[in-house]
Amino acid sequence: MTPEELATAIAAALSAAVDTGELSVDVPETVRVERPKQKGHGDWSTNVAMQLAKPAGKPPRDVAAAIAAHLTQTSGIAAVEVAGPGFLNITLDAASAGELARTIVEAGVSYGQGQSEAGRTVNLEFISANPTGPLHIGHTRWAALGDSMRRLLDASGADVTSEYYINDAGAQMDKFAASVLARLRGEPTPEGGYPGAYIDDLAASVREQRPDVADLPEGQALPVVRDLAYRAQLDDIRGTLEDFGVHFDVWFSEATLHDGGAVEQAVARLREQGHVYDDGGAVWLRTTDFGDDKDRVLIRADGVPTYFAADAAYYLSKKDRGFDEKIYLLGADHHGYIGRLKAIAACAGDDPEHHIEIKIGQLVNLDGAKLSKRAGNIIELRDLVSWIGADAVRYSLERYPADSPLTLDGEELRKQTNDNPVFYVQYAHARTANVARLAAEDGVDRGDGFTPSLLNDPTEATLLATLGDFPRVVAQGAELLEPHRVARYLETLATAYHKWYDTCRVRPLRDEEITDTHRTRLWLNDATRQVLANGLTLLGVSAPHRM
RNA sequence: GCCCUCGUAGCUCAGGGGAAGAGCACUUCUCUCCUAAAGAAGGUGUCGCAGGUUCGAAUCCUGCCGGGGGCACCA
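The numbering of the first sequence is UniProt numbering, which starts it at 1 and goes up by one.
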């Protein structure tokens with residue numbers, strides 16, 4: 001029996017109590033079933049009786065008792081207990097609960113996927129770092145979480161496109177080019193330029209492709225350097241993300257908005273909507289009409305469009321490309337953008353409540369050191385990954401909500417112990433794989449010996465109930481854009497598995513015959529392996545077969 | 001000053017109205033048989049403070065206190 005089936009059974013028991021006149025309430029469409037936080041509260045619990053107490057005009061415990069009387073008679077349910085203020089604590093019988101093992105094994109990678117977010121057409125934009133330097137620790141959190149959100153939305157039936165906005169236009173690119181050229185010529189970094197050591201590598205790359213460039217006049221050299229260094233830097237960023245398991249469906253160049261006239265067209269479209277005015281020689285968007293704290297300049301007095309104008313054009317591009325929801329994942333240092341981005345959506349005729357969502361993530365510290373690219377004091381993502389490993393970096397970022405302040409301890413993350421939850425979860429997976437491999441050597445196969453009533457140990461009830469919770473966790477993670485729910489779930493599942501492993505042996509002892517108990521337990525082992533693997537995949541973390 | 005965010009066990013943190021949780025740290029156990037990277041046992045709380053909404057608030061609302069971040073015709 002799955003949690004969904006149980007919820008249906010509870011609703012049916014409730015209807016039955018209404019039919020017999022014990023209760024007088026409208027039966028809700030869905031009943032929520034959850035895993036109790038505490039041991040001893042059954043496999044599943046529901047608070048439906050407390051929610052219905054008021055409309056039913058009865059004390060919650062009486063409502064619960066009425067439901068329990070009918071629910072007890074439902075096949076597959078071993079015990080129903082009224083507890084506390086009016087909870088129903090439900091225990092499934094082993095045969096009914098155990099069926100889930102087969103269901104999961106047969107569903108394979110699709111177990112946990114669903115259609116809860118079907119119908120959403122989502123553009124998910126994250127990182128969008130300037131291509132003027134390598135990705136660093138400040139980009140890392142949204143790289144991991146954004147990619148996992150993409151996976152969660154996809155698994156839940158949404159039509160999701162992940163997108164990286166390349167800020168390849170404007171003054172920063174000029175400074176970038178000037179910095180690389182200066183390095184090529186052995187000159188000091190220009191005022192406001194980029195001092196990082198990576199500029200050396202870019203200069204070397206440019207020199208290799210165009211040995212003559214350093215000797216060209218400034219006006220000729222800069223565009224060449226700009227183009228070559230930009231390509232090299234963007235390739236570096238793509239490669240770094242690839243190594244980190246992060247996938248983008250679209251790489252969107254800001255420069256194409258300027259070159260293709262999209263920025264001017266966007267200003268014109270917003271003007272048609274009546275939100276644009278001219279003042280002091282500049283062109284303004286009246287964002288204050290939609291909650292922004294001040295109006296924003298689109299075209300500066302000197303005729304140059306602002307970054308904000310490009311943002312507006314970019315938003316319209318997303319809208320024109322058919323995305324119903326535009327999600328922006330931004331660092332806390334960009335939180336001032338919320339008002340103006342929402343105002344863009346409103347000025348474009350969209351509903352800021354539904355068509356745009358902005359998530360703000362706190363920046364990550366490493367060993368207490370805060371890092372800034374501009375200061376030239378970089379811990380690059382590439383270095384972080386090679387130091388700690390992609391799995392540990394991703395997982396340690398993904399197990400906390402994006403808005404929680406976070407300080408990573410690099411040395412802790414390198415540890416392969418219980419301090420480090422990624423290894424705990426991965427080890428559980430490796431254990432399942434090892435058990436399966438050795439069972440196969442022993443001649444145990446799942447075959448047709450599946451007898452779920454044999455899964456009657458308390459650790460098996462816990463493990464099965466935890467496995468049954470996975471689809472709900474995935475759906476909730478997708479709905480709330482909170483991958484950490486998956487990570488926390490996997491830790492719970494790993495614990496349940498380890499406890500089971502310690503109690504219930506899958507393989508026969510040396511002199512033992514192979515029985516249906518071994519075969520049935522192998523189903524449960526393999527079901528657990530499947531769910532651990534499916535969950536780790538949602539996090540972009542590998543599921544090793546040996547450790 | 002205004003805005004956002006965080007405040008839960010000694011530490012790091014989960015907890016979307018319902019029964020206060022996990023890991024770490026500390027103590028003690030458990031491998032002649034699946035990987036002990038594991039498991040078992042031991043106690044810990046004015047959920048920052050004060051009001052409010054509710055049958056019920058760590059959770060929702062308001063104010064205050066404290067940490068972090070942000071308030072450009074920069075990108």
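Glycine included, each C-beta is placed from N, C-alpha and C at the ideal position. None of these values were measured; they are calculated from a predicted model.
TODO: Starting from Lys326, trace the beta strand (DSSP E) both ways and give me its first and last residue.
DONE: 325 to 331
Open item on the list: According to DSSP, Gly40 sits in a beta bridge with which residue or residues?
Closed with: According to DSSP, which records beta bridges pairwise, Gly40 is partnered with nothing at all.
Task: Nearest residue (CA-CA) to Tyr497, options Asn167, Thr459, Glu482, Arg446 - done: Thr459
TODO: Enumerate in chain order the residues of its own chain whose CB-to-CB distance from Leu539 is below 7 Å, with the five nearest sequence positions on each side excluded.
DONE: Ser148, Arg394, Tyr395, Glu398, Pro483, Val486, Ala487
Open item on the list: Using 8 Å as the cut-off, can you tell me whether the region 467 to 475 makes contact with the region 518 to 535, which would need three or more C-beta pairs spanning the two stretches below that distance?
Closed with: yes
Task: Bounding residues of the beta strand (DSSP E) (the contiguous stretch that carries Ser162) - done: 159 to 166
Open item on the list: Taking the beta carbon of Asp502 as the centre, do at least 16 other beta carbons fall within 10 Å, making it buried, or is it exposed?
Closed with: exposed
Task: Pair within 8 Å by beta-carbon distance, residue 549 and Ala402 - done: This structure gives no information on residue 549, because the portion of the chain shown stretches from 1 to 547.
Open item on the list: Could you tell me which whole alpha helix (DSSP H) segments of length 4 or greater appear in the region 442 to 484?
Closed with: 458 to 480
TODO: Locate the alpha helix (DSSP H) running through Phe176, then write down its first and last residues.
DONE: 171 to 184
Task: Enclosing alpha helix (DSSP H) for Glu29 [first to last residue] - done: No alpha helix (DSSP H) holds Glu29; DSSP gives it neither H nor E.
- [ ] For Pro85, count neighbouring C-beta atoms within 10 Å of its own C-beta (all shown protein chains included) and say buried if the count is 16 or more, exposed if not.
- [x] exposed
- [ ] With distances taken Cα to Cα, identify the nearest neighbour of Leu23 among Arg61, Asp235, Thr2.
- [x] Arg61
Open item on the list: Could you give the first and the last residue of the continuous beta strand (DSSP E) run that contains Asp279?
Closed with: 276 to 279
TODO: Would you list the one or two residues that DSSP bridges to Ala83?
DONE: Phe87
TODO: Tell me whether the beta-carbon of Glu254 lies closer than 8 Å to the beta-carbon of Ala169.
DONE: yes
- [ ] Mind listing, in chain order, the continuous alpha helix (DSSP H) runs of no fewer than 4 residues lying wholly within the region 334 to 416?
- [x] 337 to 347, 381 to 388, 390 to 398, 410 to 414
Open item on the list: Between Pro405 and Glu491, how many whole angstroms is the CB-CB distance? I'm expecting something under 8 Å.
Closed with: Going by Cβ atoms, the distance from Pro405 to Glu491 rounds to 21 Å, so no, they are not a contact pair.
Task: Backbone CA spacing between Ser542 and Glu163 [nearest angstrom] - done: 23 Å
Task: Assigned secondary structure, His247 (DSSP; H/G/I helix, E/B strand, else coil) - done: coil
- [ ] Output the distance between the C-alpha atoms of Val80 and Thr2, rounded to the nearest integer angstrom.
- [x] 16 Å
Task: Nearest-angstrom Cα separation, counted from Trp523 out to Gln530 - done: 10 Å
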